[in-house]
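Data block below; observations after.
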Amino acid sequence: MNLRTVLPPVVVVVLGFGALSGVQNTGFREQIEATLTESAEEALAAAGRSDVTVELTGRDAEVTAATAVDALVAAEIVGDVTGVRTAAAYGPEGLVPPGSGTTQAHVAGEDEETGEAQAEPTASPEATEATSDDGTDETTDDESDDETSTDDSTDESTDESTDDETAQPDREPTRKERERAQEDLVEIPSITFVTDSARLTKDGRRVVREAAEVLEEHPEVEVRIEGHTDSVGTEAHNQRLSERRAQAVLDRLVELGVDADRLTSKGYGESDPLVVPRTFADLEQNRRVEFVVTR
């Protein structure tokens, strides 16, 4: 049998099946996104939050609202929709980290069930000022003792504040310590995520653990976690994705025991590529998370 005669039709059939599979996968994904978007919008409308914008990428939702609190509340509603895997909240300043604001339906001073404002509690009899029968204030030996104790407590607090003032402040890391920490952080391999999401891969989680160990070796420095994406997709989507990925790394480091006060995160989207994207390898190189020592 002549291979030159048989091989071309086989190649055409294989490529045809590959193209058909790609079209089917794309269509299936778009169908899922459309269905989940409709379900999320219905859930928000039922909760009286029709002014919220929802964008689905696969099963991951991005919820945008006028305020950070509204965004968090709306993200909880969308996250409860069957089929939605994650729901990220976005306010006027960008990504709103979970737990950064209250998402309770009631406000301070209102009854949780009725929503009616609660009356200010009246002062108890013990809290009222002691008076004599003729309406004049009584001055007793107890009050004199209270004044004396107040003077004593003032002296004690003064001594304590003096001790606090003489205590050593947090030590500023030296330039050499910062440089050494930066060198170690640069050596960390690339952190990988599930395609077009902020979910760490198994290898990505391993690399974040490695980063946590490096930060533990340099407890004196503070670090900014910077997220970058390639140029595939819209600028707005890539900006949000970079913010979510940087925040995901920060959250994971805190879970691993790194002090949250030492960490900040920022997304740069596609605005700061390492190389001009001409190949798939270039795109992969531009997708990255970097650690920058800030103090």
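Take 1238 as the starting number for the sequence shown in this note's numbering and just add one per residue.
Note that beta-carbon positions come from the ideal geometry of N, C-alpha and C, so glycine has one too.
Keep in mind that this is a model prediction, so the values were computed, not measured.
Can you give the Cα-Cα distance for G1331 and I1425, rounded to whole angstroms? In a straight line, the C-alpha of G1331 is about 28 Å away from that of I1425.
Distance between beta carbons of R1446 and L1487, contact taken as under 8 Å: Between R1446 and L1487 the Cβ distance is about 14 Å, and since that is not below 8 Å, they are no contact.
In three-state terms, what does DSSP make of S1502? Note: S1502 maps to strand in three-state DSSP.
Spatially closest choice to A1302 from L1281, T1516 and Q1476, by CA coordinates: Looking at L1281, T1516 and Q1476, the one whose alpha-carbon comes closest to that of A1302 is L1281.
From the DSSP output, read off the bridge partner residues of E1292. Answer is E1299, bridged to E1292.
Along the alpha helix (DSSP H) that carries V1491, what are the first and last residues, could you check? For V1491, the enclosing alpha helix (DSSP H) starts and ends at E1472 to E1492.
Please tell me whether A1326 and A1308 are closer than 8 Å, where the distance is taken between their beta carbons. Closer than 8 Å, so yes.
Residue interval of the alpha helix (DSSP H) (run including A1308): Run containing A1308: A1305 to G1316, per the alpha helix (DSSP H) assignment.
In three-state DSSP terms, what is V1469? Here DSSP, grouped into helix, strand and coil, assigns V1469 to coil.
Looking only at its chain, what residues have a beta carbon closer than 7 Å to the beta carbon of V1451, apart from the 5 residues adjacent to it on each side? Within its own chain, the residues whose Cβ lies closer than 7 Å to the Cβ of V1451, once the five positions on either side in sequence are excluded, are D1421, L1422 and I1425, listed in chain order.
Per DSSP, what kind of secondary structure is I1269 in: helix, strand or coil? In the structure shown, I1269 falls within a helical segment according to DSSP collapsed to helix, strand and coil.
Would you give the residue range spanned by the beta strand (DSSP E) that T1525 belongs to? The residue asked about is misnamed: residue 1525 is Arg in this sequence, not Thr. Secondary structure note for R1525: its beta strand (DSSP E) is the uninterrupted segment R1525 to V1530.
Comparing alpha-carbon positions, which option in A1324, T1411 and V1291 lies nearest P1456? Ranking the options by Cα distance to P1456, first place goes to T1411.
Proximity winner among S1287, S1468 and A1305, relative to D1519 (alpha-carbon distances): The residue from S1287, S1468 and A1305 with its alpha-carbon nearest to that of D1519 is S1468.
Coil, strand or helix - E1459 by DSSP: DSSP places E1459 in coil when its eight states are reduced to three.
Check whether the Cβ atoms of V1291 and V1315 lie closer than 8 Å to each other. Contact: yes.
Need the endpoints of the alpha helix (DSSP H) that G1328 sits in, please. First-last for G1328: T1323 to G1328, but that is the beta strand (DSSP E), not the alpha helix (DSSP H).
May I have the straight-line CA-CA distance separating L1490 from T1294, to the nearest angstrom? One C-alpha to the other measures close to 25 Å.
Applying the 10 Å Cβ sphere with the 16-neighbour rule, what's the burial state of S1508? A residue is called buried once 16 or more other Cβ atoms fall within 10 Å of its Cβ, and S1508, having fewer, is exposed.
Reference H1465; option with closest CA among V1526, A1473, E1459 and A1449: Looking only at V1526, A1473, E1459 and A1449, the smallest Cα-Cα distance to H1465 is reached by V1526.
Using only CA atoms, which one of Q1268, D1433 and R1515 lies nearest to D1297? Looking from the CA of D1297, the closest CA among Q1268, D1433 and R1515 belongs to D1433.
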